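Asks: Sequential numbering from 6 applies to the sequence shown in our numbering.
A virtual CB, placed ideally from N, CA and C, is assigned to each residue, including glycine.
As the structure is a prediction and not an experimental result, all values here were calculated from the model.
Right, I'll just put the structure down here and ask away after.
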Amino acid sequence: MRISRLTPWAAGLAAVALFAVPAAASAGQQTAAASGAAAAATTVATVTTASTVDSYYAAAEGKTGAELKTALHNIIKTQSKVSYDGVWNALKVTDQDPANPNNVILVYSGRSQSKSSNGGDPNDWNREHVWAKSHGDFGTSTGPGTDLHHLRPEDVTVNSTRGNKDFDLGGSPVSEAPGSLTDADSFEPRDAVKGDVARMLLYMAVRYEGDDGFADLEMNDRVNNGSAPLFGRLSLLKQWNQMDPPDAFEQRRNQVIFDTYQHNRNPFIDHPEWVNSIW
Numbered sequence: 006m007r008i009s010r011l012t013p014w015a016a017g018l019a020a021v022a023l024f025a026v027p028a029a030a031s032a033g034q035q036t037a038a039a040s041g042a043a044a045a046a047t048t049v050a051t052v053t054t055a056s057t058v059d060s061y062y063a064a065a066e067g068k069t070g071a072e073l074k075t076a077l078h079n080i081i082k083t084q085s086k087v088s089y090d091g092v093w094n095a096l097k098v099t100d101q102d103p104a105n106p107n108n109v110i111l112v113y114s115g116r117s118q119s120k121s122s123n124g125g126d127p128n129d130w131n132r133e134h135v136w137a138k139s140h141g142d143f144g145t146s147t148g149p150g151t152d153l154h155h156l157r158p159e160d161v162t163v164n165s166t167r168g169n170k171d172f173d174l175g176g177s178p179v180s181e182a183p184g185s186l187t188d189a190d191s192f193e194p195r196d197a198v199k200g201d202v203a204r205m206l207l208y209m210a211v212r213y214e215g216d217d218g219f220a221d222l223e224m225n226d227r228v229n230n231g232s233a234p235l236f237g238r239l240s241l242l243k244q245w246n247q248m249d250p251p252d253a254f255e256q257r258r259n260q261v262i263f264d265t266y267q268h269n270r271n272p273f274i275d276h277p278e279w280v281n282s283i284w
């Protein structure tokens, strides 16, 4: 179960090492020093991060199916909680545009937009509940209603268009969200975040099992789930998890939530293979 890929955090340490070389060094010294420092930082960061993540999931080691789901629930339910007002500032950090620190990336639209343009007016961005809050009637309660692992910035109009629809294929193009489609009972996000959506929903189904005063959230293979604490379409979400594996943005986001805010992780970003093991 060891994670061997270089995490964005590790890559960041390597980048810092590259820029830490004194300006007075010769070009040859800079190259040699930078290469050595970067290699050392990468090795240390990779080993440290992999070791930390392995330790975090130690109780899930060797388990599959329902036993794995229960073990992961017991691991990730230990978390700090963020207020609904606090979500605004948190999203400005978790969803920061890697190319522009003044902006966030909108999840369905893919648009880079000023962090300061959050609000409720058209073309502002607001707090999208990927697991729609009506599916289980948890609203904006501290807990599932404020869990950063499924809250993302999105254009106000696109957020309204998505509403509380389940996820499925097909429909008409969504204005201001290129590549996304919608119909009367479902929403299809752009290809680049299909896996992200799947892993956010599956996290919610493991994290909230009805033992902390909130509904037991579960997956099914339907749409039109209404206010039931259910979300679909599971068979499609499993496909999306495979076709769109975790990228650097998603991995960094998971790490920031763990390090800075909730101190719990989305296991399906760290181990996407666990999706098929459980479902």
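Can you confirm whether the stretch 81–89 touches the stretch 266–284 when touching is taken to mean that 3 or more C-beta pairs between the two stretches lie within less than 8 Å?
Replies: yes
Asks: Give me, in chain order, the residues of the same chain whose beta-carbon lies closer than 7 Å to that of D173; leave out the 5 immediate sequence neighbours on both sides.
Replies: As a first step, residue 173 is located in the sequence shown; it is residue number 168 there, counting from the start. S191, E193, V228, R238, L241, listed in sequence order.
Asks: Does N94 come out as helix, strand or coil in the three-state DSSP assignment?
Replies: Taking the first residue of the sequence shown as 1, we reach residue 94 at position 89. Residue state, collapsed to three classes: helix.
Asks: For D249, which residues in the same chain have their Cβ closer than 6 Å to its Cβ, ignoring the five residues on either side in sequence?
Replies: On the sequence shown, position 244 is the one that residue 249 refers to. Close CB contacts of D249 within its chain, under the 6 Å cut and outside five residues either way in sequence, are with K199, G200 (chain order).
Asks: Whole angstroms are fine: how far does the CA of E214 sit from the CA of I274?
Replies: One-based indexing of the sequence shown puts residue 274 at position 269. One-based indexing of the sequence shown puts residue 214 at position 209. C-alpha separation (whole angstroms): 20 Å.
Asks: Anyone know if the C-beta pair for S119 and N131 falls short of 7 Å?
Replies: In the sequence shown, residue 119 corresponds to position 114, counting from 1. In the sequence shown, residue 131 corresponds to position 126, counting from 1. Not closer than 7 Å, so no.
Asks: Which runs of the beta strand (DSSP E) at least 3 residues long sit entirely within the stretch 115–167? Give them in chain order.
Replies: Counting only runs of 3 or more, we get 117–119, 130–134, 156–160.
Asks: Is the distance from the Cβ of N169 to the Cβ of A137 below 7 Å?
Replies: Locating residue 169 in the sequence shown gives position 164, where the first residue counts as 1. Locating residue 137 in the sequence shown gives position 132, where the first residue counts as 1. Taking C-beta atoms as the reference points, N169 and A137 count as a pair closer than 7 Å.
Asks: Where does the unbroken beta strand (DSSP E) through V198 begin, and where does it stop?
Replies: If you number the sequence shown from 1, residue 198 lands on position 193. From DSSP, V198 is part of no beta strand (DSSP E); its letter is neither H nor E.
Asks: Could you spell out where the beta strand (DSSP E) holding E193 opens and where it closes?
Replies: The count along the sequence shown starts at 1 and reaches residue 193 at position 188. It spans 191–193 - the beta strand (DSSP E) in which E193 sits, taken as one unbroken run.
Asks: Considering only heavy atoms of the ligand FMN, does any lie closer than 6 Å to the CB of G218?
Replies: No copy of the ligand FMN occurs in the structure displayed, which carries no ligand at all.
Asks: Taking R157 as the reference, give the member of A64, G175, Y89, N230 with the closest Cα.
Replies: Counting from one through the sequence shown, the residue named residue 157 turns up at place 152. Checked all of A64, G175, Y89, N230; the closest Cα to R157 is Y89.
Asks: Closest by CA to A210, which one among D217, F236, F143?
Replies: Numbered from 1 along the sequence shown, position 205 holds the residue referred to as residue 210. Nearest of D217, F236, F143 to A210, Cα basis: F236.
Asks: In whole angstroms, what is the alpha-carbon distance linking L207 and V280?
Replies: In the sequence shown, the residue the question calls residue 207 occupies position 202. In the sequence shown, the residue the question calls residue 280 occupies position 275. If you take the alpha carbons of L207 and V280, they lie about 8 Å apart.
Asks: Is the beta carbon of R257 closer than 7 Å to that of I81?
Replies: Counting from one through the sequence shown, the residue named residue 81 turns up at place 76. Counting from one through the sequence shown, the residue named residue 257 turns up at place 252. No, these two residues do not count as a Cβ contact at 7 Å.
Asks: Work out the CA separation of L77 and L11 for me, nearest whole Å.
Replies: Counting from 1 along the sequence shown, the entry for residue 11 is found at position 6. Counting from 1 along the sequence shown, the entry for residue 77 is found at position 72. Below a pLDDT of 50, predicted positions are generally treated as unreliable, and L11, at 36, falls in that range; the measurement from the model is reported next regardless. Taking the straight line from one Cα to the other gives about 23 Å.
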